[in-house]
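**Student:** First, the structure itself, so that you have it in front of you.
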Amino acid sequence: MSVTQENAGDLREGIMATPTKQQIGTVLARQGILIAFAVFMIAFTLANPKFLSVDNVFSVVRSSAILGVMALGVTFVVISGNLDLSVGSMMSFSTIVVLDLHDKIGPALAIPAMFAMTLCLGAFIGFLVGYLRLNSLIVTLGMLSAIHGLTLTYSGGQNMDIADKEGTWFSVFGQGTALGIPVPILIFAVLAALLGVVLAKTAFGRKVYAVGGNGTAATFSGIRRARTVFNCYMISAACVATAGLIQASRSLGSQNTVGQGLELEVLAAVILGGASLLGGSGTIFKTVIGVLILGFIQNGLLLLGLQFYVQFVVTWVIIILAVWLDIAAKRGKLWSPIA
Amino acid sequence: MQPGALSKALKSGAIWGFIVLELIFFSVAGEFLSLSDKAFMDFENMLLLLKQSAPIGIIAMGMTLVMVNGNIDLSVGATFAIAAIILLDSMTWPIFAGLGDWVIPVAWLLALMAGTLLGALNGLIVWKTGVDAFIVTLGSMLGFRGIVFMFNGENPTSHLNWTLVDFAEAEFLGLATASWFLLAVTLAVWFLMARTVHGRNAYAIGDNREAAVNAGIRVGPHMMINFAIIGFLAALSAVIFYSESGSVNPNDGQLYELWVITAVVLGGTKITGGAGNVIGTFGGVIAIQLLRKGLGHIGADTSTVNLVIGLILIAVLFLDRQLNVKGKEELKV
């Protein structure tokens, strides 16, 4: 398409003339998730002073850590413009594998072996989506089912339990504390900081945004799109393996379906953090906020004496409101222009 | 022959070829591996297969419509559960106590209305807010499930009405009630998509929404109608299934969305919209059910079914990419 004189004029005007109302809207939408978070915290604290006690905050973050660690990896995948629906199944897989190997070859070898196996699955998905460029929704949907089958085949459908639950140091990842802080929280925090820096400050991080924002343009700028997408899935798999490790270590025994349904909760947290499913936007920090919002809502509603399923309904409303306000601010109109 | 005609024929016939392959494979393998003496391609067995395909199949027809339209619905499993609970619960409500067996049509109607309304609600949100259908229905998948739990907590809801059970177990011309409903729904949705203005517009919107808008098609109402239809069909599927079983757990219908989407994609519907038809989806539904039954027949356990279906889904996607001329061009970039 050739740009005519008038077109160019329109474009320039469009850039220069930004209505103030829209600016306010944009600021609100950009920080909307933080504002909503703050409002929630204040409201729940007023309703129940226990809500912000150190014990409660620790317990919320600790129980969100597994979901959170997975969400960190999925953030990379989503920013690169793809989806990962297989993380739930994959987490079940790594939990079962590490528990099984724990008794067979000992924890020191079981953990790297489990990481290697999970990364193989990640590499397979990354190859299919990155190099073969198959639709990520269908590929990871297929892998959701396939990995579930793989886990069941591996375990023979049996629950997996560690024989000697008292005498193993393996429980440190899920149950231990270091410097007065529960280890799952530490792992989550360190991973979040690390991946946050990778995404925001490194060349690789830039490439992830570029590939997700406009894949063709990124390719023409010399970015190896396939490799970038592949690496995103590897990061996701590594995060899933870490989550599986925490889960296994926390319970020291597990069913085959431990991660079932987590993929959608993880996605909900990432979307709540403001990452667009079209790719190219989102940050690690916002994903962490998304995870914490989900965790604190769940906890807050329970403290108010409501049943656990009320949080499902509340989460529904919050997800849609958050995404709606985000895109409403971007287009400058509350209602969609669809006729 | 026009360029691309061969690949088109290959693609539309692929699912039926796959079904034939499955039949041959399981019949031959069954001779050696099966524990029972009954042949796999037994007529009775095939009729049972059709009946067992109905719950997923009926929803899959609606999903075809929604996906051709360029959207997706992840909330069907939860809608399924809500409709089931309303069906069974409403039959015990005191206000209907004097109705006798006339409570059945009332309960059916209530359940179907609930499904339609929930679907329409999804559609309305997609239309008015402009939020992607994936996100909207991901949210309502959680929200609807929450509503399911509100009825009876974590306890199952049970109510057996023998007239209703007789109706659900009845056979007409050798086919069970559920099979008739599956065939009727397939025919109805086929007619809707191939022979009506609404169906044509649904294809147009899914193929190129901007062009559809420029052609004067009102995109929003069409999308909302399609969501209402899939909600209705999810409820219909539940109503038929639970008329027979009479007991519903609050977790029932979980992962249905994934099975349904798998069937639809196997049937050749494009995930981005604009292409696909219910005949292919019917093939996809049958193929999945055959695979489950066949693997059971040769003594494989359920884990293998999951593994095989997942890998087949990916293989189909890969073959589709190779057969798709446009896809090859994209690969060069």
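So the sequences go chain by chain: A and B. Counting in our numbering, the first sequence runs from 1 upward without gaps. Counting in our numbering, the second sequence runs from 340 upward without gaps. A virtual CB, placed ideally from N, CA and C, is assigned to each residue, including glycine. All figures in this text were calculated on a predicted structure; none of them were measured in a lab.
#1: At a CB-CB cut-off below 7 Å, which residues of chain A make contact with Asp471(B)?
#2: Decide yes or no for the touch test of the stretch 171-188 of chain A against the stretch 262-279 of chain A: beta carbon pairs closer than 8 Å, at least 3 of them.
#3: With DSSP collapsed to three states, give me the class of Gly478(B).
#4: Unbroken alpha helix (DSSP H) runs of length 4 or more, entirely within the stretch 97-168 of chain A: which are they?
#5: Is Met114(A) close to chain B, meaning its C-beta is less than 8 Å from at least one C-beta of that chain?
#6: What do you get for Ala654(B), buried or exposed, if any count of 16 or more other CB atoms within 10 angstroms of its CB means buried?
#7: What three-state label does DSSP hand Ile358(B) in the structure shown?
#8: Which residues in the same chain have their Cβ closer than 6 Å to the Cβ of Thr496(B), if we skip the five residues on either side of it in sequence?
#9: At the level of alpha carbons, what is the spacing between Tyr233(A) and Lys201(A)?
#10: Between Gly9(A) and chain B, is there a C-beta pair that is closer than 8 Å?
#11: Return the residue from the list Pro337(A), Thr216(A), Ile147(A), Val69(A) that minimises the CA-CA distance to Thr643(B).
#12: Are the stretch 438-447 of chain B and the stretch 539-547 of chain B touching, with three or more C-beta to C-beta distances below 8 Å?
#13: Once DSSP output is grouped into helix, strand and coil, what is the label at Ala423(B)?
#14: With C-beta atoms as the reference, is Gly300(A) less than 8 Å away from Phe93(A)?
#15: Quick check for students: name the residue ranges of the alpha helix (DSSP H) that lie wholly in the stretch 610-672 of chain B, counting only runs of 4 or more.
#16: In whole angstroms, give me the CA-to-CA distance for Val258(A) and Leu121(A).
#17: Helix, strand or coil, according to DSSP, for Pro495(B) in the structure here?
#18: So, at 6 Å on beta carbons, what are the nonlocal neighbours of Arg484(B) in its own chain, with the 5 sequence-adjacent residues on each side left out?
#19: Express the C-alpha separation of Val367(B) and Asn461(B) in angstroms, rounding to a whole number.
#20: Which chain B residues sit within Cβ distance under 9 Å of Gly157(A)?
#21: If you measure from the beta carbon of Arg631(B) to each beta carbon in chain A, is any gap under 8 Å?
#22: Can you name, in chain order, every residue of its own chain whose Cβ lies under 8 Å from the Cβ of Val310(A), other than the five neighbours on each side?
#23: For Val587(B), list the residues DSSP reports as bridge partners.
#24: Can you tell which of Gly126(A), Gln255(A), Val291(A), Ile42(A) has the C-alpha that lies nearest to the C-alpha of Asn156(A)?
#25: Just the Cα atoms here: how many angstroms apart are Val405(B) and Lys330(A)?
#26: In this structure, does DSSP put Thr535(B) in helix, strand or coil?
#27: Please check if any C-beta of chain B sits within less than 8 Å of the C-beta of Ala268(A).
#28: Apply the 10 Å Cβ neighbour rule to Ala328(A) and answer buried if 16 or more other Cβ atoms are within range, or exposed otherwise.
#29: With distances taken from CA atoms, which of Gly623(B), Thr431(B), Asn616(B) is nearest Val528(B)?
#30: Give the single residue among Thr287(A), Ser236(A), Ala268(A) whose Cα lies nearest to the Cα of Leu119(A).
#31: Check whether the Cβ atoms of Met114(A) and Val97(A) sit closer than 8 Å, and answer yes or no.
#32: To the nearest angstrom, how far is the alpha carbon of Phe294(A) from that of Gly478(B)?
#33: In whole angstroms, what is the alpha-carbon distance linking Ile284(A) and Arg250(A)?
#34: Taking contact to mean 3 or more Cβ pairs, one atom from each stretch, closer than 8 Å, check whether the stretch 189-196 of chain A and the stretch 37-50 of chain A are in contact.
#35: Can you say whether Glu508(B) is buried or exposed, counting buried as having 16 or more other CB atoms within 10 angstroms of its CB?
#36: Between Ile162(A) and Gly81(A), is the Cβ-Cβ spacing less than 8 Å?
**Tutor:** If we stick to the structure as given:
#1: Contact note: Asp471(B) reaches chain A through Leu277, using a C-beta cutoff of 7 Å and chain order.
#2: Touching, no, given that fewer than three Cβ pairs across the two stretches are closer than 8 Å.
#3: Per DSSP, reduced to three states, the secondary structure at Gly478(B) is helical.
#4: Fully enclosed alpha helix (DSSP H) runs of 4 or longer: 107-126, 136-155.
#5: Answer no: the Cβ-Cβ gap between Met114(A) and chain B never drops below 8 Å.
#6: By the 10 Å Cβ count, Ala654(B) comes out exposed.
#7: Here Ile358(B) carries a helix assignment [DSSP, helix/strand/coil].
#8: The answer, listed in chain order, is Ile424, Leu427, Asp428, Val587.
#9: Cα-Cα distance, rounded: 19 Å.
#10: With a pLDDT of only 40 at Gly9(A), under 50, the local geometry of the prediction cannot be trusted, and the value read off the model is given with reservation. False, the Cβ-Cβ gap to chain B never drops below 8 Å.
#11: Of Pro337(A), Thr216(A), Ile147(A), Val69(A), the residue nearest in Cα terms is Ile147(A).
#12: They do not touch, by the three-pair rule.
#13: Three-state result, Ala423(B): helix.
#14: Contact: no.
#15: Counting whole runs of 4 or more residues, the stretch 610-672 of chain B contains the alpha helix (DSSP H) stretches 617-636, 641-662, 664-671.
#16: Approximately 18 Å between the Cα atoms of the pair.
#17: Residue state, collapsed to three classes: coil.
#18: Excluding positions up to five away in sequence, the list reads Ala417.
#19: Rounded to the nearest whole angstrom, the C-alpha separation of Asn461(B) and Val367(B) is 46 Å.
#20: By Cβ distance, chain B contributes Asp640, Thr641, Ser642.
#21: Not flagged as an interface residue toward chain A: Arg631(B), since no C-beta distance is shorter than 8 Å.
#22: So the list reads Leu301, once near-sequence residues are dropped.
#23: Bridge partners of Val587(B) according to DSSP: Thr496(B).
#24: According to the sequence provided, residue 156(A) is Gly. The question's Asn does not apply to it. The residue with the shortest Cα to Cα distance from Gly156(A) is Gln255(A).
#25: Roughly 27 Å separates the two Cα atoms.
#26: Thr535(B) sits in coil when the DSSP states are folded into three classes, being neither helix nor strand.
#27: So yes, Ala268(A) belongs to the interface.
#28: Classification of Ala328(A): buried, given that the 10 Å Cβ count is 16 or more.
#29: Nearest neighbour of Val528(B) by Cα position, chosen from Gly623(B), Thr431(B), Asn616(B), turns out to be Asn616(B).
#30: Checked all of Thr287(A), Ser236(A), Ala268(A); the closest Cα to Leu119(A) is Ser236(A).
#31: Yes. Within cutoff.
#32: The residue asked about is misnamed: residue 294(A) is Leu in this sequence, not Phe. Per the coordinates, the alpha-carbon of Leu294(A) lies some 13 Å from the alpha-carbon of Gly478(B).
#33: Taken atom to atom, the span from the alpha-carbon of Ile284(A) to that of Arg250(A) is near 25 Å.
#34: Pairwise C-beta distances place the stretch 189-196 of chain A out of contact with the stretch 37-50 of chain A, as fewer than three of them are shorter than 8 Å.
#35: Counting of Cβ neighbours within 10 angstroms places Glu508(B) among the exposed residues, the total staying below 16.
#36: Their beta carbons are not under 8 Å apart, which means Ile162(A) does not touch Gly81(A) by this criterion.
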